[in-house]
Each structure stands twice: as structure tokens, then as C-alpha cells.
Amino acid sequence: MLNKLNVESVDVKGKRVLVRCDFNVPLNDKQEITDETRIVAALPTIQYLVNNGAKVILCSHMGKPKGNPVPELSLAPVAKRLSEKLGKEVVFAADDNVVGDNAKAAVAAMNEGDVVLLQNTRYRAEETKNVEAFSKELASLADLFVNDAFGTAHRAHCSNVGVTEYIKPAVAGYLIEKEIKFLGNAVNSPVRPLVAILGGSKVSSKISVIENLLKKVDKLIIGGGMAYTFFAAQGKTTGTSLLEPDYIEYAKKMLDEAGDKLVLPVDTVIAEKFDNDAPSKVVEGNIPDGWMGLDIGPKSIENFKAVLADAKTVVWNGPMGVFEMSNFAKGTNEIAALLAELDATTVIGGGDSVAAVNKAGLGDKMSHISTGGGASMEFLEGKDLPGIVALTDAE
Ligand code: ADP
Ligand code: MG
26 MLNKLNVESV DVKGKRVLVR CDFNVPLNDK QEITDETRIV AALPTIQYLV
76 NNGAKVILCS HMGKPKGNPV PELSLAPVAK RLSEKLGKEV VFAADDNVVG
126 DNAKAAVAAM NEGDVVLLQN TRYRAEETKN VEAFSKELAS LADLFVNDAF
176 GTAHRAHCSN VGVTEYIKPA VAGYLIEKEI KFLGNAVNSP VRPLVAILGG
226 SKVSSKISVI ENLLKKVDKL IIGGGMAYTF FAAQGKTTGT SLLEPDYIEY
276 AKKMLDEAGD KLVLPVDTVI AEKFDNDAPS KVVEGNIPDG WMGLDIGPKS
326 IENFKAVLAD AKTVVWNGPM GVFEMSNFAK GTNEIAALLA ELDATTVIGG
376 GDSVAAVNKA GLGDKMSHIS TGGGASMEFL EGKDLPGIVA LTDAE
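Going by the working numbering, the first residue of the sequence shown is number 26, and it counts up by one from there.
Shown next, in the form of C-alpha cells:
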């Protein structure tokens with residue numbers, strides 16, 4: 026459990042409440058929101074505050090404007106979509122200084138239950154450097170602070186960490202609570218057997234996750250591009266597959282230490298080119314010269330399913346193959362379909378894994394889909410997340 030105060034631990038009526046949300050949603054080149062998942066995920070906290078008579082001041086970053094008021098990264102489209110979702114007006118405080126005269130005037134005009142959205146916090150260069158001055162400006166707008174931005178919890182910025190120095194208490198929103206509950210229970214107090222599935226492109230980017238999870242899981246399944254470095258460690262040839270030669274020794278060490286806890290693919294879907302239309306075939310063991318592995322093969326799928334069959338908790342990070350190409354998406358899709366039916370707690374973390382599950386239309390069949398790619402990764406690495414550490418402890 027999260028040992029921090031939450032929105033229900035404080036009296037919010039009539040208070041100006043600054044809420045750090047994660048409205049970093051994808052936009053197309055017409056500044057239209059292409060995926061509203063993060064907006065929807067923020068609604069429970071906002072709705073609670075509105076219903077309880079708070080003056081709700083929302084803030085978030087979007088993209089990387091690097092300290093400049095980049096018009097394409099304005100939060101205006103978010104204010105509009107949020108109004109639709111809440112069924113009430115969200116006043117957008119357009120203000121290149123984020124906390125400038127416009128924002129101050131918008132806040133001063135608020136009544137109980139009103140909602141104001143500030144401009145992209147990264148319009149200010151201080152934001153990502155956690156500079157005191159901007160944290161104080163943000164804090165000056167409000168009486169209470171709520172952090173509900175799980176997606177940035179692994180960063181110490183003004184709007185999620187710095188500001189907590191100047192507004193107390195600083196409490197957790199419902200989304201942060203939910204993320205920590207699912208990820209935390211899955212990793213730290215799981216119903217067993219606990220099986221983790223790791224995939225994606227690189228061993229190097231997931232080393233800390235592998236190490237932390239190996240200590241906790243009953244089985245660790247490895248698929249995706251990272252499997253080939255383990256193939257090389259087993260003495261197999263890998264053709265032109267993704268391979269990280271510098272990590273072969275590391276993979277050998279993991280194989281020695283983890284023994285049969287580690288479950289690797291036994292066959293591979295290979296092609297001569299990184300192309301959906303390239304002719305492909307399945308091989309067991311060695312990958313021949315000139316061929317690259319792009320998905321796990323049918324025997325591997327069956328083996329993985331057998332391991333997962335009696336799992337009670339599953340954590341999945343990283344696709345099993347190049348799921349973006351339909352001909353190499355089978356491994357990922359079959360694992361997703363199995364998890365959707367499994368009588369277990371299923372937790373999905375990682376940007377591409379979440380995209381793969383949603384693409385398969387199975388998002389709502391999982392117990393929890395993390396909204397924070399980087400943050401969920403760092404959580405799985407066993408790291409403390411600064412955005413959470415900074416919140417006020419529950420007694
Ligand atoms: P996540 O975002 O879920 O943490 P990663 O970013 O680590 O996942 O990896 C996702 C990427 O890995 C995808 O773009 C996918 O195409 C790629 N990938 C998976 N298997 C392979 C493979 N066999 N060869 C090359 N790339 C792969
Ligand atoms: Mg990714």
C-alpha cells in the first residue's frame with residue numbers, strides 16, 4: 026500500500042487545489058488528440074475535487090518545448106477535450122509564463138467546483154531543472170497540492186516535486202494510488218506463482234528490470250529482440266538479428282544464476298529483411314546467416330503459454346516480436362490473448378507493450394494497464410519514484 030496521504034485525507038471544500046496531471050497525450054499535426062487514455066485516467070481525481078467543492082487548478086507538461094512557448098505544444102486541445110469529458114467548462118489559462126497575469130486572474134476568478142487548466146509547464150525552462158523560483162510561483166496559486174501524474178513520477182521537476190516544498194500537505198490522487206497498488210502488489214506482495222514476461226528490443230535498456238524481477242518472480246519469460254543476446258550466450262548463431270555483443274557475457278551470467286527460472290524461446294520466425302512482406306519461415310535453435318529473428322515461433326508460444334497457465338500474477342513489459350508489422354505480431358498477440366483470458370492479476374507496463382495490447386483490443390481485459398511507460402519501468406527496476414517520495418506521509 027501507498028503510505029501517503031490521498032485526496033480523501035484532506036478537506037478540499039473552498040480550497041484552491043493544484044493538481045499535477047499527466048496530460049502528455051499524443052497529438053497529430055493538426056493538434057488533435059489521437060489517444061485520450063491519459064485524460065480519461067485523470068478524471069476520477071478531478072471529478073472528486075469538483076464534487077467536493079474545491080477550486081481545481083490543473084497543470085501538466087506536454088512534449089518537449091524545452092523552455093519555450095511552442096504553440097504546437099499548447100494544452101488548449103486538452104482543455105477542450107477535458108470539458109467534454111467532465112461535462113463542464115474547463116477554463117484554459119493561456120499564459121506563456123504558465124503562472125503569469127492571465128493564470129493568476131483566472132485563478133482569482135474561481136468559484137467552488139470550477140476548473141482551470143494552466144499552460145504546458147515545460148514552457149518554462151525551470152520546470153525540468155526543478156528550479157525553486159518556478160516551484161514557488163506554482164505553489165503561490167494554491168492551498169493544497171495533489172499529484173496524480175504517474176507518467177512523470179520518475180522525474181523530479183518543479184510541478185511534481187519542487188512544488189511540494191511550498192504547499193503542504195501534498196497528497197496522492199486516485200491514479201497514482203491505483204498505479205502503485207497494482208504495480209506494487211504485483212512485484213512486492215504477489216499472489217503466486219508470479220510470472221514476468223520481458224521483451225522489446227534491447228537487453229541493455231532492461232538490465233535493471235531483469236535483475237530486480239529475477240529476485241522476485243517464480244518464472245521470467247524472455248522474448249522479443251532481447252532474446253537473441255541470450256541465444257548468443259547459449260552458443261547459438263543469431264544471423265542478422267538484433268544483438269548486443271557487449272551484453273553476451275552478462276546474459277551468460279544471468280543464465281547461470283537464474284537456471285530454469287529463465288524461460289527463453291526455442292524457435293523463431295525469421296526473415297531476410299526487416300520488412301513485413303519479406304518471406305519468412307520458422308527455425309528451431311540457430312538462426313542462419315543472412316536471416317533475422319522478428320518474432321517468437323509457435324513452439325515458444327506453446328511453452329510460454331504452459332508457463333503462464335497456472336500463474337496468479339503476471340507482469341508484462343516489452344513485446345515478443347516486431348508487433349508493428351502484422352506478419353510478426355503473432356507472438357505478441359497470442360500472449361496478449363492468453364493473458365486476457367487468464368484467471369490472474371495481469372499488469373502491463375511499458376509504452377510499446379501497452380500499445381500492442383490496445384491494438385489487439387484487449388486493454389480492458391487486463392487487470393491494470395500502466396499509464397506511465399518510463400515510470401512503470403523504473404518502478405519495476407525497484408527504484409523509488411521522486412514524485413511519490415515527495416508526497417506527505419500518512420500517519
Ligand atoms: P516497451 O515500450 O513496452 O518497454 P520496448 O521499447 O523495450 O518495449 O521495445 C519495443 C520494441 O521492440 C518494438 O518497437 C518492437 O518492434 C521491438 N522488437 C520486438 N522484437 C523485436 C525483434 N525480434 N527485432 C527487432 N525489434 C524487436
Ligand atoms: Mg518502448
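Where is the CB? At the ideal position from N, CA and C, for every residue including glycine.
Contact check, residue i vs residue j under 8 Å by CB: the rounded distance?
{"i": "Phe-207", "j": "His-393", "result": "4 Å"}
{"i": "Val-32", "j": "Val-212", "result": "Not quite, the Cβ-Cβ distance comes to about 25 Å (not below 8 Å), so this is no contact."}
{"i": "Ser-305", "j": "Ile-312", "result": "Not quite, the Cβ-Cβ distance comes to about 12 Å (not below 8 Å), so this is no contact."}
{"i": "Leu-68", "j": "Val-44", "result": "With a Cβ gap of about 12 Å, Leu-68 and Val-44 do not count as contacting."}
Identify, in the order they occur along the chain, each residue of the same chain with its Cβ nearer than 8 Å to the Cβ of residue i, setting aside the five sequence neighbours on each side.
{"i": "Met-391", "result": "Leu-364, Ala-365, Thr-371, Val-372, Ile-373, Val-382"}
{"i": "Glu-137", "result": "Lys-38, Gly-39, Gly-78, Ala-79, Lys-80"}
{"i": "Val-228", "result": "Ile-235, Met-251, Thr-254, Phe-255, Glu-269, Tyr-272, Tyr-275, Ala-276"}
{"i": "Val-288", "result": "Lys-244, Leu-245, Ile-246, Ile-247, Asn-328, Phe-329, Val-332"}
{"i": "Leu-100", "result": "Phe-48, Ser-85, Met-87, Phe-117, Leu-142, Leu-143, Gln-144, Asn-145"}
{"i": "Pro-102", "result": "Leu-52, Gln-56, Glu-57, Ile-58"}
{"i": "Ala-158", "result": "Glu-151"}
{"i": "Tyr-199", "result": "Asn-31, Val-32, Pro-69, Thr-70, Tyr-73, Asp-173"}
{"i": "Lys-129", "result": "Leu-166"}
Grab me the residues of residue i's own chain with a C-beta within less than 7 Å of its C-beta, minus the 5 sequence neighbours each way, in chain order.
{"i": "Gly-310", "result": "Lys-261"}
{"i": "Val-186", "result": "Asn-155, Pro-411, Gly-412, Ala-415"}
{"i": "Glu-403", "result": "His-179, Leu-410"}
{"i": "Leu-239", "result": "Leu-245, Ala-283, Lys-286"}
{"i": "Val-115", "result": "Ala-104, Leu-107, Ser-108, Val-140, Leu-142"}
{"i": "Val-220", "result": "Val-242, Asp-243, Lys-244, Ile-246, Val-332, Leu-333, Ala-336, Val-339"}
{"i": "Glu-190", "result": "Ser-160"}
{"i": "Asp-314", "result": "Gly-264"}
{"i": "Ala-131", "result": "Val-116, Ala-118, Val-141"}
{"i": "Thr-417", "result": "Lys-29, Leu-30, Lys-193, Pro-194, Ala-195, Val-196"}
What residues match up with residue i in a beta bridge as DSSP calls it?
{"i": "Arg-149", "result": "For Arg-149, which the question treats as bridged, DSSP gives no partner whatsoever."}
{"i": "Gly-318", "result": "Ile-295"}
{"i": "Glu-309", "result": "Asp-292"}
{"i": "Phe-170", "result": "Leu-43, Ala-195"}
{"i": "Asp-418", "result": "Lys-29"}
{"i": "Thr-262", "result": "In the DSSP output, where bridge partners are listed per residue, Thr-262 has none listed."}
Can you name, in chain order, every residue of its own chain whose Cβ lies under 6 Å from the Cβ of residue i, other than the five neighbours on each side?
{"i": "Asn-237", "result": "Glu-406, Gly-407"}
{"i": "Asp-292", "result": "Val-307, Glu-309, Gly-322, Lys-324, Ser-325"}
If you run the structure through DSSP and keep just helix, strand and coil, what is residue i?
{"i": "Arg-63", "result": "helix"}
{"i": "Arg-45", "result": "strand"}
{"i": "Leu-410", "result": "coil"}
{"i": "Asn-213", "result": "helix"}
{"i": "Lys-324", "result": "helix"}
{"i": "Phe-255", "result": "helix"}
{"i": "Ser-108", "result": "helix"}
{"i": "Lys-286", "result": "helix"}
{"i": "Ala-118", "result": "strand"}
{"i": "Asn-237", "result": "helix"}
{"i": "Asn-342", "result": "strand"}
{"i": "Lys-80", "result": "strand"}
What's the C-alpha gap between residue i and residue j?
{"i": "Ala-422", "j": "Asp-302", "result": "No information on residue 422 is available, as it lies outside the stretch 26 to 420 that the chain covers here."}
{"i": "Lys-298", "j": "Ala-380", "result": "24 Å"}
{"i": "Leu-387", "j": "Leu-333", "result": "17 Å"}
{"i": "Ser-401", "j": "Gly-375", "result": "7 Å"}
{"i": "Glu-57", "j": "Glu-97", "result": "10 Å"}
{"i": "Asp-173", "j": "Cys-46", "result": "5 Å"}
{"i": "Gly-112", "j": "Glu-61", "result": "16 Å"}
{"i": "Asn-210", "j": "Leu-27", "result": "10 Å"}
{"i": "Gly-399", "j": "Val-123", "result": "25 Å"}
{"i": "Tyr-148", "j": "Leu-30", "result": "30 Å"}
{"i": "Val-50", "j": "Asp-281", "result": "42 Å"}
{"i": "Ala-181", "j": "Lys-91", "result": "16 Å"}
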